[in-house]
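Q: Once you've had a glance at the structure underneath, I'll fire off some questions.
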Amino acid sequence: MENAERSQEEMVSLMTLHSAKGLEFDVVFLPGWEEGLFPHQRALDESGMDGLEEERRLAYVGITRARRRIDISHASNRRIHNLWQNSAPSRFIKELPKDQVDMISEVGEYGGYGNFGGLIDDGGGWATSTVGGPGWQRFQSRRNQPTTIEGTAVPAGGSDSFEPADRCFHQKFGMGTIEIVDGDHLTIEFDNAGTKRVMAQFVAKP
3 MENAERSQEE MVSLMTLHSA KGLEFDVVFL PGWEEGLFPH QRALDESGMD GLEEERRLAY
63 VGITRARRRI DISHASNRRI HNLWQNSAPS RFIKELPKDQ VDMISEVGEY GGYGNFGGLI
123 DDGGGWATST VGGPGWQRFQ SRRNQPTTIE GTAVPAGGSD SFEPADRCFH QKFGMGTIEI
183 VDGDHLTIEF DNAGTKRVMA QFVAKP
């Protein structure tokens with residue numbers, strides 16, 4: 003009887019995207035939309051583009067559970083294995099129809115994103131709002147600075163098969179555009195991870 007009465011009360015239902023299939027709610031909250039979490043790095047490492055598409059389908063499932071409103075959020079930094087790590091917003095956020103999205107920013111240590119956290123469309127893509135502050139500027143500066151990374155090798159034809167302006171895929175950083183070809187190294191502007199200097203053997207053409 004007690005459970006029957008409580009079932010009529012307003013409450014928050016916590017579930018995974020897989021278990022939410024077929025259900026609908028007036029309001030849905032989707033936290034953790036960060037590169038490496040969603041899409042999950044393991045899906046990219048194990049299945050590449052197929053894994054990315056499966057994660058994208060899960061994003062669609064989550065969004066379509068909402069009848070009226072959906073709040074999507076991500077952290078600008080997260081503690082993983084007892085270490086604080088900066089995180090980039092999920093590439094799926096950029097794929098949302100901009101005319102259907104309201105951005106609400108809540109400033110954190112690095113400027114934060116809030117719901118879509120200070121992400122605004124300035125005509126040339128997504129950018130931070132003016133509430134980002136100096137912390138966000140420092141984070142963005144570090145993020146855009148080329149860095150050399152390692153990763154799991156994927157089949158590729160070598161650096162001579164890449165040219166500036168080519169689109170490419172990296173299992174950790176996702177899709178990007180090649181800016182500089184320097185021997186076995188590529189400088190790539192990734193769609194959701196800024197500029198990185200990577201070895202050509204870790205990159206594949208989509």
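Just add 2 to the spot in the sequence shown (first one is 1) and you have this note's numbering.
Ideal Cβ positions, reconstructed from N, Cα and C, are used throughout, including at glycine.
Taking just the CA atoms, how far does V63 sit from K198?
A: 32 Å
Q: Mind checking whether G53 and R44 have CB atoms under 9 Å apart?
A: yes
Q: Look at the alpha carbon of S92 and the alpha carbon of E48, and state the distance between them as a whole number of angstroms.
A: S92 and E48: Cα-Cα distance of roughly 19 Å.
Q: Which residues in the same chain as A22 place their Cβ atom closer than 8 Å to its Cβ, once the five residues preceding and following it in sequence are excluded?
A: These residues qualify, in order along the chain: V63, G64 and R67.
Q: How long is the line joining the alpha carbons of M13 and A195, rounded to whole angstroms?
A: Between M13 and A195, the C-alpha separation is close to 37 Å.
Q: Below 7 Å CB to CB, which residues in the same chain sit around A158 once its five sequence neighbours on both sides are set aside?
A: Residue placement at A158 cannot be trusted, given a pLDDT of 41 that sits under 50; the coordinates are not used to answer.
Q: So the candidates are E55, H187, L188 and V29; which of them puts its Cα closest to the Cα of E97?
A: Ranking the options by Cα distance to E97, first place goes to E55.
Q: Determine the extent of the beta strand (DSSP E) in which L188 is found, giving its start and end residues.
A: Counting along the chain, the beta strand (DSSP E) containing L188 begins and ends at H187 to F192.
Q: Pick from R70, F31 and G38: whose alpha carbon is nearest that of I82?
A: G38
Q: Since H172 sits in a beta bridge, which residues does DSSP pair it with?
A: G176 and V205
Q: Tell me which residues share the same chain as L19 and place their Cβ nearer than 6 Å to its Cβ, disregarding the 5 neighbours each side in the sequence.
A: L60, V63 and G64
Q: So T74 and L32 are supposed to be a Cβ contact under 8 Å. How far apart are they, rounded?
A: According to the sequence as given, residue 74 is Ile; it is not Thr. I74 to L32, Cβ: 5 Å. Contact.
Q: Please look up how many angstroms separate the CB atoms of R58 and F27, rounded, as I've assumed it's under 8 Å.
A: Rounded to whole angstroms, the Cβ separation of R58 and F27 is 21 Å, and the two are not in contact under 8 Å.
Q: Any idea if I72 is buried or exposed, counting beta-carbon neighbours within 10 angstroms, 16 or more meaning buried?
A: buried
Q: Can you look up K198 in the DSSP assignment and give me helix, strand or coil?
A: strand
Q: Below 9 Å between beta carbons: does that hold for L46 and G178?
A: no
Q: For V183 and V29, what's the separation of their Cα atoms in angstroms?
A: One alpha carbon belongs to V183, the other to V29, and they sit about 47 Å apart.
Q: In whole angstroms, what is the alpha-carbon distance linking D101 and D193?
A: 20 Å
Q: With distances taken Cα to Cα, identify the nearest neighbour of D186 among R169, Q173, K174 and E165.
A: E165
Q: Buried or exposed, going by whether 16 or more other CB atoms sit within 10 Å of the CB of S78?
A: buried
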